[in-house]
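Visitor: I am attaching a structure below and will ask some questions about it afterwards.
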Amino acid sequence: MSTFRLHEEPLQEAWLDAYGHLNEAYYLVPFSNATWKLQDRFEIGTAYFDASGCALYTLETHLRYVAEVRAPATLSIESMVLDADAKRLHVGHVMWSGERECATFECMLLHYDTRKQATAPFPEEVRAALKDAVLDPTPGWVGRSLRRLG
Numbered sequence: 057m058s059t060f061r062l063h064e065e066p067l068q069e070a071w072l073d074a075y076g077h078l079n080e081a082y083y084l085v086p087f088s089n090a091t092w093k094l095q096d097r098f099e100i101g102t103a104y105f106d107a108s109g110c111a112l113y114t115l116e117t118h119l120r121y122v123a124e125v126r127a128p129a130t131l132s133i134e135s136m137v138l139d140a141d142a143k144r145l146h147v148g149h150v151m152w153s154g155e156r157e158c159a160t161f162e163c164m165l166l167h168y169d170t171r172k173q174a175t176a177p178f179p180e181e182v183r184a185a186l187k188d189a190v191l192d193p194t195p196g197w198v199g200r201s202l203r204r205l206g
């Protein structure tokens, strides 16, 4: 499958650090906003939660800083489904500022029924749509761990 361009937002002045760069903590904000848009794309966003009580909880994330981001900038997020099984969704995003790749982000999400307080399988039609959307091959940065010294 291909990638999705579902989210774009301007860099906020409040997100800048003392050096005039996008502060590391604020890289997560546009990526999180893009994850919500991706959930909406597959009809598992807030309307789905309101109707079913099921939500996606983040289990793990990995963020790579590729190039600096300075104001003014519009951040465009390219999103992808990396994998999915009965209860989990592996999502990736690439942050762009113009034509420049600035960061990558991946996360593992868990489908959770808040009414039963337990994990739950995705509805079959959702799981099928997610599986159909899996990007193949995945980018080389997917699944990497933190670099070690030495």
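So the sequence shown is numbered by this note's numbering: it starts at 57 and just counts up by one.
Note that the Cβ used here is the ideal one computed from N, Cα and C, for glycine as well.
Closest to residue 137 by CA distance: which of 165, 123, 171 is it?
Guide: For the purposes of this step, residue 137 is taken as the residue at position 81 of the sequence shown. Considering only alpha carbons, the answer is 165.
Visitor: If residue 84 and residue 112 are in contact, beta carbons under 8 Å, what's the gap, nearest whole angstrom?
Guide: Here residue 84 is taken as the residue at index 28 of the sequence shown, counted from 1. Here residue 112 is taken as the residue at index 56 of the sequence shown, counted from 1. Between the beta-carbon of residue 84 and that of residue 112 there is about 16 Å, and that puts the pair past the 8 Å contact cut.
Visitor: Taking residue 156 as the reference, which of 134, 114, 117, 175 has the closest Cα?
Guide: By 1-based counting over the sequence shown, the position of residue 156 is 100. Cα-wise, what sits closest to residue 156 is 134.
Visitor: Given a cut-off of 9 Å, decide if residue 129 and residue 154 are closer than it, judged by their beta-carbon atoms.
Guide: Taking the sequence shown and counting its residues from 1, one reaches residue 154 at position 98. Taking the sequence shown and counting its residues from 1, one reaches residue 129 at position 73. Yes, the Cβ-Cβ distance between residue 154 and residue 129 is below 9 Å.
Visitor: Of the choices 158, 143, 150, 163, whose alpha-carbon is the least far from that of residue 169?
Guide: Working through the sequence shown from its first residue, we reach residue 169 at position 113. For the residues 158, 143, 150, 163, the minimum Cα distance to residue 169 belongs to 143.
Visitor: With distance defined between alpha-carbon atoms, name the residue in 57, 110, 62 nearest to residue 171.
Guide: Counted from its first residue, the sequence shown places residue 171 at position 115. Nearest of 57, 110, 62 to residue 171, Cα basis: 110.
Visitor: For the beta strand (DSSP E) containing residue 169, list its first residue and its last residue.
Guide: Stepping through the sequence shown from its first residue, residue 169 is reached at position 113. Counting along the chain, the beta strand (DSSP E) containing residue 169 begins and ends at 156–169.
Visitor: Is residue 136 close to chain D? Criterion is C-beta to C-beta, closer than 9 Å.
Guide: This model lacks chain D altogether; it includes just one protein chain.
Visitor: Residue 117 and residue 162 - do their beta-carbons sit closer together than 9 Å?
Guide: Within the sequence shown, residue 162 is the residue found at index 106, counting from 1. Within the sequence shown, residue 117 is the residue found at index 61, counting from 1. Yes. Within cutoff.
Visitor: Alpha carbons only, please: which of 125, 204, 167, 97 is nearest the one belonging to residue 115?
Guide: Residue numbering aside, residue 115 sits at position 59 when the sequence shown is read from its first letter. Nearest C-alpha to residue 115: 167.
Visitor: Please report the straight-line C-alpha distance between residue 64 and residue 175, rounded to a whole angstrom.
Guide: One-based indexing of the sequence shown puts residue 64 at position 8. One-based indexing of the sequence shown puts residue 175 at position 119. Distance between the alpha carbons of residue 64 and residue 175: 31 Å.
Visitor: Report the rounded CA-to-CA distance for residue 188 versus residue 95, giving the unit in angstroms.
Guide: Locating residue 188 in the sequence shown gives position 132, counting from the first residue. Locating residue 95 in the sequence shown gives position 39, counting from the first residue. In this structure, the straight-line span from the alpha carbon of residue 188 to that of residue 95 is close to 15 Å.
Visitor: Tell me where the beta strand (DSSP E) around residue 139 begins and ends.
Guide: In the sequence shown, counting from the first residue as 1, residue 139 sits at position 83. Its beta strand (DSSP E) spans residues 130–140.
Visitor: Under a three-way DSSP split, which group does residue 190 fall into?
Guide: Within the sequence shown, residue 190 is the residue found at index 134, counting from 1. Three-state result, residue 190: strand.
Visitor: Does DSSP classify residue 122 as helix, strand or coil?
Guide: Counting from one through the sequence shown, the residue named residue 122 turns up at place 66. Residue state, collapsed to three classes: coil.
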